Amino acid sequence: MLSVHNLDLYYGDAQALDGVSLEVPKGEIVAIVGANGAGKSSLIRTIAGIERPRSGTIAFNGTPITGLESHVICNRGIGQVAEGRQVFPSLTVLENLEMGAMIPRARGDAKRRLDEVLALFPRLKERQDQLAGTMSGGEQQMLAIGRCLMGAPELIMFDEPSLGLAPLVVQEVLRTIHVLNERGMTILLVEQNVAVSLKISQRAYVLENGRIVMSGTGAELLHNDRVRQAYLGL
Amino acid sequence: MPALDLVANVVVSGILTGLVYGLMALGLSVIFGVVRVVNFAHGEMMTLAMYAATVLFAAFKLDPFLAMLPVAAAFFVFGYALQAGFINPFITRPEHSQFMLLVAVAIILVNAMLMIFGPDARNVQVDYQLDSYELGPILIDKGRLFAAAAAVIAASGLFAFFRYTLTGKAIRACADNYLGARVVGLHVKHLYALTFGLGAVCVAIAGCAMVLLVDVTPPLGPAYTLLAFVIVIVGGLGSMGGALLGGVLIGVSEALAGLFIAPSAKSMFSFGLLILVLLLRPQGLLGRRA
C-alpha cells in the first residue's frame, strides 16, 4: 500500500535519513523501532509531506506522492497522529474533530464519521464543548486519533502515541490501535516502546542513525539477540 | 477648564473615531495573530483605501459607504495575492527579511500614491456630513456615527466568521498550532492568504469610513501604520477585542489631547498611553501573557 524507496533526507548538511526503504502492506501494522534521534519522526514527517526528501521515492496505492504538499498527501488517504498529539488547544473538542474533516475527501461524509468517532471515544462526546488544551494527555491523544479518523484515512501513521502517557492510558491507546487494525485500517507505528510495538505489529523495521539495519516479523525481531540487547535490555 | 458638555462631546466623537481606528488595527492584529507577519504596509494600505474612496466619489458620485463593497473586494484580492505571491515564500525566512519585504511594499505604495495623487489633500463631500443628531447636550456627527457603525458591523462580521464558519475555525487552528494544522491536512498557505485578504478588507472598510472624517494625503500612510501598532500593542497583540478597545482608547485620548492642549499634541498622548501600558501591562490590556 505504501512503499518507500531509497529515501534520503537532510536538514541542512546533517543527514537524517539514509537510503530508507520499506513496505507497508494493506491491512497490516508495521512498526518502526529505534532509539531517540534515529530518524523515526523524520521518516513519518517526510512521508506526510512536511519535510522534503533530497532523493528517493514514496508511493501510495501505486502512485508516487514524493514531494507533494502535506494537505495533498492527507487527501490521498494518509492520516497522521503526530508526536506530542498536536491538538488545537484553544479550539473545542468538537471543533478539533471538524478540522480533521476539512480535506476534500472527508467533507461530504463528515457528519456520519463524527458519530462514529464519538461512538468509538465516548469520552470525547462528554467533553465535546471543552477546550482541547484543558484536557489530560490521554484525552488529547484520543482526540488526536479521533481527529485523524475524521479525515477518512486508509493508512494511519502513529508517531510515539504512548509518549508521556500513564501506563494505563498507554494500554488504552494500544488497544485502540489494535481495534482500528481489526476493522481493516493499515497502520504505520513509530514507538520508543520497542517491546510493545513488536508485539502488536506483523512486521517491523529497526532504524539506526537514519538507516534501516534490520527488518522482519515482530516475533522474529522480538527474539533477535541484537534487538534484545540494544532495545529490550535483556 | 472647558465646559463639561464640551468634554462629553469630544469624548463621544473620540469613541466613534476610535472604533474606525480599531477596525484598521483589527486587520493588523488578525494578520499578525495568524500569519505571524507584521504588516508594515498597514497604514499605507489604509491610505490607499481612502484614495480609492475619493476616486470612486469623484468619478461616480459613489457614497463612501457604498464604495466599501468594491474597495473591500479589490483589497481582498490584493491582500490574498500579496500573501500568496510574496509573503508565503518568506514565512520560513528570518524576521528581518520579512520586515524588509513589507517595508518595501509600504514605500512603493506611499510613493505611488504621491506620483498618482500628488501631495494635496483630498476628501469627499456628502450632504449628510455636516448633519448631526442631538442627544441632550451632545451633538453626534452623522458621518462619524455611520463610520463607527460600519466599523462595528465589519468587526462583528469578522468575529462571527472566526467563531462559526469552518474556514474561520480552520484559520484559528492554523494560528493555534501550525504543525497540527499541517498534520490534519489544512491548506495552510491558502488559509494564510485568506487571512491577509481579510485583514486587507478591514483596512478597506476602515479607509472608506475614515475618508468621511479626515482629508487624505500620502504621508498619512506611515502615520497610520504607527497608529495601528500603538493600538494593537495597547489592546494586546493578537486579541481581536483588544484591537477595538485599543482603538477607542487611542481615539478618546487623541480627542481629549486636542481639546485640553493642542490638536498637534494628540500623538504625544497616544504614545504616552503606549508607554504606560508597556510598563504596567506589557502583554496589552486584553492580551494573554506569553
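Protein chains in written order, with this note's numbering: chain A, 28 to 261; chain B, 6 to 295.
Cβ coordinates follow ideal geometry from the N, Cα and C atoms, glycine included.
Nothing here was measured: the structure is a model prediction, and the numbers come from that model.
Backbone CA spacing between residue 42 (chain B) and residue 239 (chain B) [nearest angstrom]: 18 Å
Residue 134 (chain B), DSSP secondary structure in three states: helix
Simplified DSSP assignment, three categories, for residue 216 (chain A): strand
Within-8 Å CB hit, residue 184 (chain B) to chain A: yes
Under 8 Å from the C-beta of residue 181 (chain B): neighbouring residues of chain A: 115, 116, 117 and 118
Three CB pairs or more closer than 8 Å across the stretch 42 to 62 of chain A and the stretch 203 to 220 of chain A: yes
Same chain, Cβ closer than 6 Å to residue 76 (chain A), five either side skipped, listed in chain order: 95, 96, 97 and 100
Cβ pair residue 185 (chain A), residue 169 (chain A) closer than 8 Å: no
Validate contact between the stretch 26 to 33 of chain B and the stretch 250 to 261 of chain B using beta carbons, cut 8 Å, 3 pairs: yes
Of the listed residues B:71, B:166 and B:117, nearest to residue 209 (chain B) (C-alpha basis): B:71
Where the stretch 166 to 178 of chain B meets chain A: residues whose CB sits under 8 Å from a CB there: 171, 174, 175, 177 and 178
Chain A contacts from the stretch 185 to 207 of chain B (Cβ-Cβ distance under 7 Å): 185, 187, 188, 189, 190, 191 and 192
Assigned secondary structure, residue 59 (chain A) (DSSP; H/G/I helix, E/B strand, else coil): strand
In chain order, each beta strand (DSSP E) run of at least 3 residues that lies wholly inside the stretch 108 to 184 of chain B: 137 to 140 and 143 to 146
Contact check, residue 60 (chain A) vs residue 189 (chain A), beta carbons under 8 Å: no
Of the residues A:31, A:173, A:195 and A:247, the one placed nearest residue 112 (chain A), counting alpha carbons only: A:173
Residue 121 (chain B) burial status per 10 Å Cβ neighbour count (16 or more: buried): exposed
Segment limits, alpha helix (DSSP H) that includes residue 168 (chain A): 164 to 176
Test item: CB-CB of residue 173 (chain B) and residue 38 (chain B) under 8 Å: no
Rounded distance between the beta-carbons of residue 223 (chain B) and residue 52 (chain B), thought under 8 Å: 7 Å
Same chain only: Cβ atoms within 6 Å of residue 197 (chain A), ignoring 5 sequence neighbours per side: 189
Beta-carbon proximity list for residue 208 (chain A), same chain, < 6 Å, skipping 5 on both sides: 56 and 214
N- and C-terminal bounds of the alpha helix (DSSP H) containing residue 45 (chain B): Taken as a continuous stretch (DSSP letters only), residue 45 (chain B) belongs to no alpha helix (DSSP H), as it is neither H nor E.
Cα-Cα separation between residue 67 (chain B) and residue 82 (chain A), rounded to whole angstroms: 58 Å
Option nearest residue 63 (chain A) by Cα separation, candidates A:132, A:116 and A:219: A:219
Neighbourhood of residue 55 (chain B) by C-beta, 7 Å cutoff - its chain only, sequence neighbours within 5 removed: 212, 215, 216 and 221
Interface flag, residue 236 (chain A) vs chain B, CB-CB below 8 Å: no
Status (buried if at least 16 other CB within 10 Å, exposed otherwise) for residue 142 (chain A): exposed
Rounded straight-line distance, which links the Cα of residue 21 (chain B) to that of residue 98 (chain B): 39 Å
Residue 256 (chain A) burial status per 10 Å Cβ neighbour count (16 or more: buried): exposed
Which listed residue (B:283, B:277, B:115 and B:157) has its alpha carbon closest to that of residue 31 (chain B): B:157
Near-chain B residues of the stretch 79 to 113 of chain A - C-beta to any C-beta below 7 Å: 97, 98, 101, 102, 107, 109 and 113
Interface flag, residue 56 (chain A) vs chain B, CB-CB below 8 Å: no
Beta-carbon proximity of residue 182 (chain A) to residue 31 (chain A), cut-off 8 Å: no
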